[in-house]
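First the structure, in the form of structure tokens, and then the observations on it.
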Amino acid sequence: DGGITQSPKYLFRKEGQNVTLSCEQNLNHDAMYWYRQDPGQGLRLIYYSQIVNDFQKGDIAEGYSVSREKKESFPLTVTSAQKNPTAFYLCASADSAGNTQYFGPGTRLTVL
Amino acid sequence: AQSVTQLGSHVSVSEGALVLLRCNYSSSVPPYLFWYVQYPNQGLQLLLKYTSAATLVKGINGFEAEFKKSETSFHLTKPSAHMSDAAEYFCAVSGDSGYSTLTFGKGTMLLVSP
Numbered sequence: 428d429g430g431i432t433q434s435p436k437y438l439f440r441k442e443g444q445n446v447t448l449s450c451e452q453n454l455n456h457d458a459m460y461w462y463r464q465d466p467g468q469g470l471r472l473i474y475y476s477q478i479v480n481d482f483q484k485g486d487i488a489e490g491y492s493v494s495r496e497k498k499e500s501f502p503l504t505v506t507s508a509q510k511n512p513t514a515f516y517l518c519a520s521a522d523s524a525g526n527t528q529y530f531g532p533g534t535r536l537t538v539l
Numbered sequence: 023a024q025s026v027t028q029l030g031s032h033v034s035v036s037e038g039a040l041v042l043l044r045c046n047y048s049s050s051v052p053p054y055l056f057w058y059v060q061y062p063n064q065g066l067q068l069l070l071k072y073t074s075a076a077t078l079v080k081g082i083n084g085f086e087a088e089f090k091k092s093e094t095s096f097h098l099t100k101p102s103a104h105m106s107d108a109a110e111y112f113c114a115v116s117g118d119s120g121y122s123t124l125t126f127g128k129g130t131m132l133l134v135s136p
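Chains as they are written, first to last, in our numbering: chain A, 428 to 539; chain F, 23 to 136.
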């Protein structure tokens, strides 16, 4: 089955720790995206990548980092510099036309 | 810069009633517009999209939306609500720079009562 997978589904972290969220797609899509979702806030763009080894900051990139070493994978690291990391994180990808984004199932991160 | 306004954070309807979820956008270029649905603790599922073809767009699960340029609106409708339609709905507009970034509205929670 083609699709986008995110792991883990639930993640708990202590304050001061970095944590990496996984996102993999087998749709052969060029572009990948990371969003953060908070209640009543909609989705806000963290980072996106149009091509391997290249990525751009979104609206709320501070405290986050990404890499794009493979077309299929776009991991997101939430660093200790992120002041309020507890949120639902969604990964998406889009094909070469770039018009439509498809989403993974999400990872819920809770900082204890 | 693009922006999206969804009127009403919560909309309540009875089963069988008309569903109307409102979305207004601002964009400096002809936009692409999208409606997504999200069930609890899940990702977003594409309902429908407008890409400058027909102004009335039909999507999945009986939903449709009409693009009205003069009103900068893209409201989502369904003639008859079903209990399974209860979810959160997001309107989004494509960006005018870079590679199709999306700007999302804050979402509307649809509540369906029997």
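Ideal placement from N, C-alpha and C gives every residue a C-beta, glycine not left out.
What residues from chain F crowd round Q444/A, counting only those whose CB sits closer than 9 Å?
From the beta-carbon of Q444/A, no residue of chain F is found nearer than 9 Å; the closest lies around 23 Å away.
9 Å Cβ cutoff, L68/F in contact with chain A
So yes, L68/F belongs to the interface.
Report the partner residues of Y437/A according to the DSSP bridge assignment.
Note: Y437/A sits in a beta bridge opposite R535/A.
Would you call the segment 82-101 of chain F in contact with the segment 51-63 of chain F, where contact means no fewer than 3 C-beta pairs closer than 8 Å?
The segment 82-101 of chain F vs the segment 51-63 of chain F: in contact.
What residues in the segment 56-67 of chain F bring their beta carbon closer than 8 Å to a beta carbon of chain A?
From the segment 56-67 of chain F, only F56, Y58, N63, Q64, G65, L66 and Q67 have a Cβ closer than 8 Å to chain A.
Please identify the residue among S50/F, D107/F and K128/F whose C-alpha is closest to the C-alpha of S116/F.
Among S50/F, D107/F and K128/F, the Cα nearest to that of S116/F is on S50/F.
Strictly below 7 Å CB to CB, what residues from chain A border G84/F?
Result: empty, since nearest Cβ-Cβ is about 20 Å, beyond 7 Å.
With distances taken Cα to Cα, identify the nearest neighbour of L554/A among N511/A, S523/A and S500/A.
Here chain A has residues from 428 to 539 only, and residue 554/A is not among them.
Indicate whether the contact test is met: 3 or more Cβ pairs, each with one atom in the segment 450-470 of chain A and one in the segment 511-523 of chain A, closer than 8 Å.
Taking a cut-off of 8 Å for Cβ pairs, the segment 450-470 of chain A and the segment 511-523 of chain A touch, as three or more such pairs fall below it.
Could you pull the DSSP bridge partners for T140/F from this structure?
Past the edges of chain F, shown from 23 to 136, lies residue 140/F, and the structure says nothing about it.
Note down, in chain order, every chain A residue with its Cβ under 9 Å from the Cβ of S138/F.
Since the first and last residues shown for chain F are 23 and 136, residue 138/F lies out of range.
Residues of chain A with CB under 7 Å from K128/F, in chain order?
Going along chain A in sequence order, the residues near K128/F (Cβ under 7 Å) are G467, Q468 and G469.
Against chain F, with Cβ distances strictly below 9 Å, would Q530/A count as a contact?
The question names Gln, but residue 530/A in the sequence shown is Phe. Chain F contact via Cβ: present.
Are S434/A and L454/A touching if we call contact CB-CB under 9 Å?
No, the Cβ-Cβ distance between S434/A and L454/A is not below 9 Å.
For I487/A, three-class secondary structure by DSSP:
Secondary structure at I487/A: coil, using DSSP grouped into helix, strand and coil.
How is N83/F classed by DSSP in three states: helix, strand or coil?
Three-state result, N83/F: helix.
Under the three-state reduction of DSSP, which class applies to S50/F: helix, strand or coil?
Note: S50/F maps to coil in three-state DSSP.
For a quick check, are the C-beta atoms of E86/F and L70/F less than 9 Å apart?
Yes, these two residues count as a Cβ contact at 9 Å.
Is it buried or exposed, I431/A, if we count other Cβ atoms within 10 angstroms and call 16 or more buried?
Residue environment for I431/A: buried (at least 16 other C-beta atoms within 10 angstroms of its C-beta).
Unbroken beta strand (DSSP E) run spanning S463/A, endpoints:
As written in the sequence, residue 463/A is Arg, which differs from the Ser given in the question. Run containing R463/A: A458 to D465, per the beta strand (DSSP E) assignment.
Alpha carbon to alpha carbon, what distance is there between S135/F and G120/F?
Caution applies to G120/F, whose pLDDT of 47 falls short of 50 and renders its modelled position unreliable; the model cannot decide the point.
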